[in-house]
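Following: one structure in structure tokens, then a few remarks.
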Amino acid sequence: MNFTKNQRFISTLSHVAVWVVLILVPLMVQMRYDEINIRHMSRTWLMLFGLGVAFYANYSFAIDRFLYKKRYFYFIIFNVILFIVLRYIDGLINWAIDAALNFKPHMMDRRATTAWDVVRLYNNIIFYALGVGASLGLRYVTRVAEIDADRKRLQHEKLETEVNLLKYQLQPHFFFNTLNNIYSLIGQAPNDAQKAVHSLSKMMRYILYDNTAHHIALKSELEFITNFVRLKKLSLGDNVHIEFNLPEETYNFTLPPLLLIPLVENAFKHGVILGEESTIKCDVKVTPTALEFCIENTINNTQNNEDRSHSGIGLQNLKRLLDLQYHDTYKFEHGADKSGQIYIAKLVLPNNTIA
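Residues 4 to 358 (our numbering) are what the sequence shown spells out, left to right.
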């Protein structure tokens with residue numbers, strides 16, 4: 004959880020204050036009598052101990068690990084096992100306290116003792132359920148506060164992030180080279196030059212006007228990528244094999260603007276080997292609930308290690324934007340395959356979901 008230092012201090016202080024009150028209340032109730040019943044006090048504190056363990060085990064571990072990942076069965080099994088362990092510890096400590104106090108119920112009290120055991124089991128279940136419930140409630144409130152803080156931070160950082168992305172994705176030399184290629188086409192293939200100018204103008208319109216919304220249609224993003232690839236081909240030879248498989252149906256899928264272009268730009272930057280056979284392949288699959296974007300390219304071994312790392316500002320900004328927008332609901336994997344010759348980047352996003 005992303006707490007500041009002051010928030011962390013206040014949170015810790017609040018927890019300590021609550022537990023001090025919970026521990027002192029039973030003691031203050033007992034002080035009303037002439038003599039404090041140590042056996043009764045120990046049983047009450049043991050139930051509070053179980054409540055505390057249930058609360059922090061779920062708040063700090065089980066909710067994030069199981070519940071938020073929809074692994075409900077494991078969440079239930081975790082709590083059942085934890086309750087059994089706590090019951091076993093409770094029995095051992097109570098037995099030790101009874102032995103220390105030399106407490107032995109009479110035969111006539113055994114039936115009453117059995118009844119009290121049932122009551123104590125019921126109380127333990129109630130206290131454990133209270134601990135789990137309190138952890139769920141507080142964790143939910145905390146998660147909502149974190150999401151709200153992230154969204155506010157995103158509003159302040161969105162412009163800076165997009166500017167940095169554009170600096171990397173659409174560097175000036177790209178437009179310069181594109182214009183030179185168009186210029187050379189004017190005399191040789193006027194129709195191709197006209198199409199290239201049209202593609203470039205559509206890209207500029209998308210950058211300047213169409214991507215100002217928080218989320219844009221996937222169809223628009225794919226059209227932008229198509230124009231980008233079409234213009235890139237103007238400066239590439241026949242030895243570069245490009246294959247883009249884009250879906251016809253996008254199911255009204257939306258995503259942050261310019262989210263996918265860093266992966267495409269990286270594939271061209273690191274996958275094209277001058278004078279050698281190179282391959283860039285992209286597959287995009289869309290369902291009503293998810294988008295799967297996978298792009299692969301040959302690895303240019305002539306570049307230095309830093310250039311081949313695929314960890315430049317483009318992917319750094321992409322990862323940052325994904326964390327802000329989707330939190331832990333997306334999957335992003337990238338790296339060389341087993342042969343070491345092909346680099347694969349795969350991104351899976353939920354449909355129109357902000358965690």
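Ideal Cβ positions, reconstructed from N, Cα and C, are used throughout, including at glycine.
Residue i to residue j span [Cα, whole Å]
{"i": "H201", "j": "L277", "result": "28 Å"}
{"i": "L85", "j": "Y143", "result": "22 Å"}
{"i": "C297", "j": "P250", "result": "13 Å"}
{"i": "D105", "j": "V88", "result": "For the record, residue 105 in the displayed sequence is Asn; it is not Asp. Taking the straight line from one Cα to the other gives about 25 Å."}
{"i": "V24", "j": "H18", "result": "10 Å"}
{"i": "K235", "j": "N304", "result": "21 Å"}
{"i": "D213", "j": "H273", "result": "29 Å"}
{"i": "K322", "j": "I79", "result": "33 Å"}
{"i": "R154", "j": "F335", "result": "21 Å"}
{"i": "I189", "j": "V232", "result": "20 Å"}
{"i": "D93", "j": "R11", "result": "32 Å"}
{"i": "L262", "j": "Y131", "result": "45 Å"}
{"i": "S361", "j": "L70", "result": "Nothing can be reported for residue 361: it is not among the residues displayed for the chain, which extend from 4 to 358."}
{"i": "I96", "j": "M44", "result": "13 Å"}
{"i": "T47", "j": "L141", "result": "24 Å"}
{"i": "P291", "j": "L16", "result": "46 Å"}
{"i": "W22", "j": "L327", "result": "35 Å"}
{"i": "N269", "j": "A148", "result": "35 Å"}
{"i": "I100", "j": "R123", "result": "16 Å"}
{"i": "S187", "j": "F271", "result": "22 Å"}
{"i": "Y77", "j": "S63", "result": "15 Å"}
{"i": "E252", "j": "Q197", "result": "29 Å"}
{"i": "I129", "j": "A152", "result": "34 Å"}
{"i": "D67", "j": "A216", "result": "31 Å"}
{"i": "K72", "j": "I150", "result": "16 Å"}
{"i": "S342", "j": "V83", "result": "46 Å"}
{"i": "C285", "j": "H218", "result": "22 Å"}
{"i": "Q191", "j": "E279", "result": "26 Å"}
{"i": "V121", "j": "A293", "result": "50 Å"}
{"i": "V28", "j": "Y125", "result": "21 Å"}
{"i": "D241", "j": "T145", "result": "56 Å"}
{"i": "W98", "j": "Y59", "result": "26 Å"}
C-beta contact flag for residue i and residue j at 8 Å
{"i": "L221", "j": "F256", "result": "yes"}
{"i": "I283", "j": "Q344", "result": "no"}
{"i": "F179", "j": "M206", "result": "no"}
{"i": "V135", "j": "A20", "result": "no"}
{"i": "Y254", "j": "N184", "result": "no"}
{"i": "L239", "j": "A199", "result": "no"}
{"i": "R74", "j": "N127", "result": "no"}
{"i": "V275", "j": "S281", "result": "yes"}
{"i": "N267", "j": "L225", "result": "For the sequence presented, residue 267 should be read as Val rather than Asn. Their beta carbons are not under 8 Å apart, which means V267 does not touch L225 by this criterion."}
{"i": "L318", "j": "P259", "result": "no"}
{"i": "V351", "j": "E299", "result": "no"}
{"i": "A348", "j": "H337", "result": "yes"}
{"i": "T229", "j": "L203", "result": "no"}
{"i": "N320", "j": "P265", "result": "yes"}
{"i": "L51", "j": "I26", "result": "yes"}
Whole-number beta carbon distance between residue j and residue i, since they are thought to touch under 8 Å
{"i": "S14", "j": "N61", "result": "Not confirmed; about 16 Å, so no contact."}
{"i": "L54", "j": "L133", "result": "6 Å"}
{"i": "Y2", "j": "A339", "result": "Because the chain here runs from 4 to 358, residue 2 falls outside it and cannot be looked at."}
{"i": "F81", "j": "A103", "result": "Contact flag wrong, Cβ pair sits at about 33 Å."}
Min CB distance residue i to chain E below 8 Å
{"i": "N354", "result": "No chain E appears in the structure shown, which is made up of a single protein chain."}
Would you be able to state if there are at least three C-beta pairs under 8 Å between the stretch 208-217 and the stretch 235-245? In this structure the stretch 235-245 does not lie against the stretch 208-217, because fewer than three pairs of beta carbons, one per stretch, are closer than 8 Å.
### Query
What are the uninterrupted segments assigned as alpha helix (DSSP H) that are 4 or more residues long and contained completely in the stretch 285-355, given in chain order?
Correct list: 308-311 and 316-329.
Item to complete: Any chance you could list the beta strand (DSSP E) runs of at least 3 consecutive residues sitting entirely within the stretch 173-249, in chain order?
Response: List check, beta strand (DSSP E) in window: 243-248.
task: Ignoring anything shorter than 4 residues or poking outside the stretch 11-90, list the alpha helix (DSSP H) runs there in chain order.
output: Counting whole runs of 4 or more residues, the stretch 11-90 contains the alpha helix (DSSP H) stretches 41-60.
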